[in-house]
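Chains as they are written, first to last, in this note's numbering: chain A, 7 to 196; chain B, 127 to 322. Every residue, glycine too, gets a C-beta built ideally from N, C-alpha and C. In this text, all values refer to a predicted model and were calculated from it rather than measured experimentally.
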Amino acid sequence: MGEVTRTVTIEGNEQGFATTKLDALLSWARKYSLFQYPFVTACCGMEFMAAVSPRFDIARFGAEAPRFSPRQSDVLWVVGTISQRQAPVLRRIYEQMMEPKWVIAFGTCASCGGFYDNYTTVPGLDKIIPCDVYIPGCPPRPEAVFDGLMLLQDKIASGDRSPGVVKPRQDPALAKSDLVTLRTSAGRAE
Amino acid sequence: MSEAALSRLKQQFGAAILETSSSFGDETAVVDATRWKEIALFLRDDSKLAFDMPIDLCGVDYPERSPRMEVVLHVYSTSLRHRLRLKARVGDDEMNGAELDSLVAVWSGVEWLERETYDMSGVTFRGHPDLRRILMYPEFEGHPLRRDYAANRTQPLIPYRTESEAGVPLEKLAPFGPDEGMSFGRNPHLPSHSEN
């Protein structure tokens, strides 16, 4: 993460104007207002709910607003196993989305079929539609989801459409100093 | 628990009860497939049995046996609180004659279970009001839970994208290999297999 280089040119002058490239400005606006279409089919949905809910709060990234019409969405979150029977539905939803559009494969099943190596499961949504970011994990932790989201934001800013994969973090935290201590309002450690 | 039910069944039907077994409170009767519905009606209507609730119905394929397909029915009595497992064996090596009378008239709840058994195992239920596939799509060929359905055979509804179309390799990107902890895929061409 964070390997992507960005160049946004901002030049000031005495009159207080700033100029930038239109593309860079548009990309900057897009990366912080990603309307999502959640295509949630399986147990990964629980972890998706955690990522969206206040504790982890996907709204910090400007990506919280769900649009249940694909025509109003920017990011298609494919969360869970895609069965052969659902494949035409998924492709139709992707085709209905307006450009520019991005796809995130949430979890191992959406990325590659996971352990459902059988007659009923599509072995990864990239067999059906293009994919921008793969988030491995069964299910991925919300931290991995945000790594994926930030990777997508970097890609949007730099105009990079090649697929990216979220790298695993060191998990669980091994040193005590890596742990977060939660405190109640009384100041008592929980 | 329901050994009494088992002995009552044997007493009523005699030779039509081919085998019985009983272990850890699970009572099982293998019955003559031609008397399947008659026995089911007796299980429901007899006051000492009163099995009013079908729990599950499925098919189990034993290709080495003849008949090869075993249809398993689990029933429960909500008033007497006992259970019974009923089995019938049907179908020769080519699955000819894999037919049973439908029990929808006995317990309407088995309608979808019989459709599932038809879909997965290919057992036909005579007199079923709507015997269609229930889990797989209508275009699907064959019955996936039979042992002779090839384990790696898939039937996609829409053609997969090709690598030239996608412009990127589609056969799994890293880290979907051994380090992902998901290396038990069956495809021998994947690195997870060649390395192990």
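Selected residue, minimal CA-CA separation from residue i, among the options
{"i": "R215/B", "options": "E240/B, V249/B, D256/B", "result": "V249/B"}
{"i": "M55/A", "options": "L158/A, K173/A, F152/A, G130/A", "result": "F152/A"}
{"i": "L261/B", "options": "R241/B, Q138/B, I181/B, R134/B", "result": "R241/B"}
{"i": "F41/A", "options": "S164/A, S79/A, P146/A", "result": "S79/A"}
{"i": "L31/A", "options": "V171/A, G165/A, K173/A", "result": "G165/A"}
{"i": "D274/B", "options": "R258/B, L283/B, M221/B, G253/B", "result": "M221/B"}
{"i": "R259/B", "options": "Y202/B, F266/B, D245/B", "result": "D245/B"}
{"i": "V139/A", "options": "A69/A, V171/A, Q90/A, S39/A", "result": "V171/A"}
{"i": "A231/B", "options": "Y202/B, R207/B, D256/B, S247/B", "result": "D256/B"}
{"i": "S203/B", "options": "E267/B, S128/B, L283/B", "result": "S128/B"}
{"i": "P282/B", "options": "Q92/A, K173/A, P169/A", "result": "Q92/A"}
{"i": "R97/A", "options": "T243/B, I284/B, A142/B, A159/B", "result": "I284/B"}
{"i": "R170/B", "options": "R287/B, S205/B, A141/B", "result": "S205/B"}
{"i": "A163/A", "options": "G68/A, K37/A, G154/A", "result": "K37/A"}
{"i": "E289/B", "options": "C137/A, C144/A, K182/A", "result": "C137/A"}
{"i": "N124/A", "options": "R279/B, A142/B, D158/B", "result": "R279/B"}
{"i": "V201/B", "options": "E265/B, G293/B, D152/B", "result": "D152/B"}
{"i": "E265/B", "options": "T26/A, P146/A, T126/A, G154/A", "result": "T126/A"}
{"i": "Q67/A", "options": "W34/A, I88/A, P146/A, T47/A", "result": "Strictly speaking, residue 67/A in this sequence is Phe, with Gln absent from that position. It is W34/A."}
{"i": "P189/B", "options": "S173/B, S247/B, A159/B, F139/B", "result": "S247/B"}
{"i": "F121/A", "options": "S39/A, I88/A, F74/A", "result": "I88/A"}
{"i": "P76/A", "options": "P169/A, I99/A, I141/A", "result": "I99/A"}
{"i": "P146/A", "options": "M156/A, D63/A, G154/A, G113/A", "result": "G113/A"}
{"i": "F251/B", "options": "R287/B, L226/B, E237/B", "result": "L226/B"}
{"i": "R207/B", "options": "A277/B, G223/B, S173/B, D158/B", "result": "S173/B"}
{"i": "R209/B", "options": "L175/B, A276/B, R191/B, V236/B", "result": "L175/B"}
{"i": "V95/A", "options": "P72/A, A71/A, V128/A", "result": "V128/A"}
{"i": "R108/B", "options": "K213/B, V236/B, A224/B, P295/B", "result": "Shown here, chain B extends from 127 to 322; a query on residue 108/B therefore has no answer."}
{"i": "E229/B", "options": "L296/B, A159/B, E291/B, G268/B", "result": "This sequence places Leu at residue 229/B; Glu is not what is there. Closest option to L229/B, Cα to Cα, is A159/B."}
{"i": "V236/B", "options": "T154/B, L199/B, V157/B", "result": "L199/B"}
Sheet register partners of residue i (DSSP bridge)
{"i": "L210/B", "result": "V201/B"}
{"i": "W108/A", "result": "V81/A"}
{"i": "L183/B", "result": "L199/B"}
{"i": "R66/A", "result": "None; R66/A has no bridge partner."}
{"i": "R212/A", "result": "Past the boundaries of the shown model lies residue 212/A; chain A is included only from 7 to 196, so the question cannot be answered."}
{"i": "E220/B", "result": "Paired residues: none, contrary to the question."}
{"i": "F251/B", "result": "L226/B"}
{"i": "F45/A", "result": "V84/A"}
{"i": "I99/A", "result": "BP columns for I99/A are empty, so no partner."}
{"i": "G170/A", "result": "V139/A"}
{"i": "P72/A", "result": "Q42/A"}
{"i": "S149/B", "result": "D152/B"}
{"i": "I143/B", "result": "V157/B"}
{"i": "T127/A", "result": "S89/A"}
{"i": "R215/B", "result": "E196/B"}
Exposed unless 16 or more other CB atoms sit within 10 angstroms - verdict on residue i
{"i": "M104/A", "result": "exposed"}
{"i": "P270/B", "result": "buried"}
{"i": "M52/A", "result": "exposed"}
{"i": "A300/B", "result": "Unreliable placement is indicated for A300/B, whose pLDDT of 46 sits below 50; the coordinate value is still reported in the next sentence. With fewer than 16 other Cβ atoms within 10 Å, it is exposed."}
{"i": "Q137/B", "result": "exposed"}
{"i": "S133/B", "result": "exposed"}
{"i": "Q159/A", "result": "buried"}
{"i": "L144/B", "result": "exposed"}
{"i": "L167/B", "result": "exposed"}
{"i": "A131/B", "result": "buried"}
{"i": "D29/A", "result": "exposed"}
{"i": "P148/A", "result": "buried"}
{"i": "Y263/B", "result": "exposed"}
{"i": "G253/B", "result": "exposed"}
{"i": "L135/B", "result": "buried"}
{"i": "F45/A", "result": "buried"}
{"i": "Q90/A", "result": "buried"}
{"i": "S234/B", "result": "exposed"}
{"i": "A69/A", "result": "buried"}
{"i": "K5/A", "result": "Outside the displayed range of chain A (7 to 196) lies residue 5/A, so it cannot be described from this structure."}
{"i": "T243/B", "result": "buried"}
{"i": "A277/B", "result": "exposed"}
{"i": "F310/B", "result": "With a pLDDT of only 45 at F310/B, under the threshold of 50, the placement of this residue in the model should not be trusted; the figure read from the coordinates follows. With fewer than 16 Cβ atoms within 10 Å of its Cβ, F310/B is classed as exposed."}
beta-carbon residue i near the ligand MG non-hydrogen atom, thresh 8 Å
{"i": "A56/A", "result": "In the structure on display, the ligand MG does not appear, and there are no ligands present to speak of."}
Problem - the segment 78-87 of chain A / the segment 98-117 of chain A touching (three or more Cβ pairs under 8 Å) - result: Cβ pair count under 8 Å is three or more, so yes.
Practice task
Would you check if there are 3 or more beta carbon pairs closer than 8 Å linking the segment 215-227 of chain B to the segment 193-204 of chain B?
Solution key: yes
Practice task
Taking 8 Å as the threshold, find out whether the segment 157-164 of chain B comes into contact with the segment 180-190 of chain B through three or more Cβ pairs.
Solution key: Taking 8 Å as the limit for Cβ pairs, the verdict is that the segment 180-190 of chain B does not touch the segment 157-164 of chain B.
Practice task
Specify whether the segment 126-136 of chain A and the segment 101-113 of chain A touch according to this definition: at least 3 beta carbon pairs, one from each stretch, less than 8 Å apart.
Solution key: Result yes; three or more Cβ-Cβ pairs closer than 8 Å.
Problem - the segment 169-181 of chain B in contact with the segment 143-152 of chain B per 3-pair CB rule at 8 Å - result: no
Handout entry: Members of the segment 104-134 of chain A that neighbour chain B once the beta carbon cut-off is set at 9 Å
Key = T114, S117, C118, G119, G120, F121, D123, N124, Y125, T126, T127, V128, P129, G130, D132, K133, I134
Handout entry: Under 7 Å (Cβ pairs) to chain B, residues found in the segment 89-102 of chain A
Key = Along the segment 89-102 of chain A, the positions whose C-beta sits under 7 Å from a C-beta of chain B are Q90, R91, A93, P94, R97, read in chain order.
Handout entry: Interfacial residues, the segment 147-178 of chain A to chain B, with Cβ spacing under 8 Å
Key = S168, P169, V171, K173, P174
Handout entry: Residues within the segment 282-295 of chain B neighbouring chain A, beta-carbon criterion of under 8 Å
Key = P282, L283, I284, Y286, R287, A292, V294
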